[in-house]
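Take a look at the structure set out below.
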Amino acid sequence: MEAALEASRKWTIVDASLVRWRQMLERAANECDEALQRCHQRAMDTRETEKVVMNPSFPRRITHATMSYISSLANYCVRNAGEPSSTNTASIVRRFERFADSAGEFIRFVELGGMPRQRMFHDPLIGHLLAGKELDYEVSRGSGHHFFGVRPVCFDERGVEAKVCYDYQDQKAPQNSFVLGAMLRLSDSTDVVGVMLTCLQTVITPHFSPVADTVRKELTQLPTQDFSCRPYIVSRDVEHWNYHNILTEWFRPDPQCCK
């Protein structure tokens, strides 16, 4: 459902029945996510309770009573999917499956009756990256040398990722020099520099703060309109891909993150 809804946003839908269909799928997708989160939270709570009551220092009589309660609660959740109703888990699963099955048909009708949207990018750099082009910016000003590079890579299981490197070297003030690297998941709405600034805020420590201030200042002053772009030629070198795989697993261990 999520993939179908994401694909439908690339089309202008004018038919009222298709608009209602999309709203119905959006509600179903939200309900499914909420149900999964509730089940996951209950499972975590149950495991934590079991750890406590199985502790040797916990009174045996209370342990027996608590385990009996957990067992009865688990059975109730299985019968009712954790909701105070008679609807069982199987029927809830079948309901979501029906919505998921209808999502493919929904997209077919959208393609027949809708109009493709003109892609609008929040960041003009994204259009080049999603088209498979690499971006570079290199300049020397005064005692400082700047290099900013972005390389897009597409994986079936991970989507389009970009390797970002910003290398700034100050000959007069070496303490202001830095190398900043990141791995981003790209979408139409990605703001490359904005994401870099946000990530920078999460790693600031008192010791790192002076350098972070320099990085933030230089990032915000990058003249993105002066970036050069050209088709990115994918390397066939095995060592290159070994290095890339290490980086992508390090920076983004969960391929579904950063949507």
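According to full-length UniProt numbering, the sequence shown is numbered sequentially starting from 1. Ideal Cβ placement from N, Cα and C applies to all residues, glycine included.
{"Query": "Proximity of Asp167 and Ser143 at Cβ, strictly below 8 Å", "Result": "no"}
{"Query": "Whether Met196 touches Leu186 by CB criterion (8 Å)", "Result": "no"}
{"Query": "Beta-carbon proximity check, Cys229 vs Lys133, cutoff 8 Å", "Result": "yes"}
{"Query": "Cβ pair Phe227, Leu135 closer than 8 Å", "Result": "yes"}
{"Query": "CA-to-CA distance, Ile13 to Ser91, given in whole angstroms", "Result": "32 Å"}
{"Query": "Buried versus exposed call for Val19 [16 or more other C-beta atoms within 10 Å across all chains shown]", "Result": "exposed"}
{"Query": "Distance, Glu6 Cα to Asp188 Cα", "Result": "11 Å"}
{"Query": "Where Lys217 sits in the DSSP three-state scheme", "Result": "helix"}
{"Query": "Chain-order list of residues whose beta-carbon lies under 7 Å from that of Leu222 (same chain, five-residue window excluded)", "Result": "Tyr137, Phe148, Val193"}
{"Query": "Best match in Gln225, Cys199, Thr224 for proximity to Val215 [C-alpha to C-alpha]", "Result": "Cys199"}
{"Query": "Supposed close pair Ala28, Phe99 - CB separation, criterion 8 Å", "Result": "4 Å"}
{"Query": "Buried/exposed call for Lys172, threshold 16 Cβ in 10 Å", "Result": "exposed"}
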